[in-house]
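Here the structure is laid out as structure tokens; the discussion comes afterwards.
Residue numbers (our numbering): 1335 to 1543.
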């Protein structure tokens, strides 16, 4: 049975943490929020929806947009240094033969699309929903579900916030342990499954599953 597999991008498909974090922290400082200065403080923003957590830090929408713009500049500038995780391309190629693959990310749609084109993977995905489409991953998943409510949906993420938003959207949640949050942190929010290597996704989503 064909399923709809919704992937987070950063920390699941590509290893972008050093660049993403560096430019995010730099932009926060530039726009009056030096309290986000360490890796721990940065990663705590992903204990929920990133944009909700930023607002809880006292950032207004205008400030958030400025930070996101600076982040986008940094990610585009260093796009050649952002690599796909080992085995991930092969896994996605196999999964795309049997299931619909979609990306739902806190990154910008254009940043993700341009990077996937560069690494010749854009054709594997039916759609990309970035933060410019909708900041909430719950709402993005619901938008995707509106296309066909009869299908089975799964969300694959690497942070506590990903899993919580997937649960809130009432889809199957799969946590990956190679991303931004640790396996222990992810287990605390009880995903439906947790995988330690991209290849493990194949056994979860084999043809006819």
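Glycine is no exception: its CB is placed at the ideal position from the N, C-alpha and C atoms.
In this structure, the CA atom of residue 1376 is about 14 Å from the CA atom of residue 1398. When 1537, 1501, 1531 and 1368 are compared, the shortest CA-CA separation from residue 1382 is found for 1501. Per DSSP, reduced to three states, the secondary structure at residue 1509 is strand.
Around residue 1461, the same chain offers 1436 as residues with beta carbons nearer than 7 Å, after the five sequence neighbours per side are excluded.
The segment 1522-1535 and the segment 1503-1514 touch, with three or more beta-carbon pairs separated by less than 8 Å. With contacts defined as CB atoms closer than 8 Å, residue 1491 and residue 1346 qualify as a contacting pair.
Across the set 1386, 1452, 1355 and 1359, the C-alpha of 1386 shows the shortest separation from the C-alpha of residue 1465.
As the crow flies, the alpha-carbon of residue 1395 is around 16 Å from that of residue 1441. The continuous stretches of alpha helix (DSSP H) do not include residue 1487, which lies in the beta strand (DSSP E) extending over residues 1486-1491.
Taking 8 Å as the cut-off, the beta carbon of residue 1475 is found closer than this to the beta carbon of residue 1503. Taking all protein chains in view, the Cβ of residue 1537 is surrounded by fewer than 16 other Cβ atoms within 10 Å, so the residue is classified as exposed.
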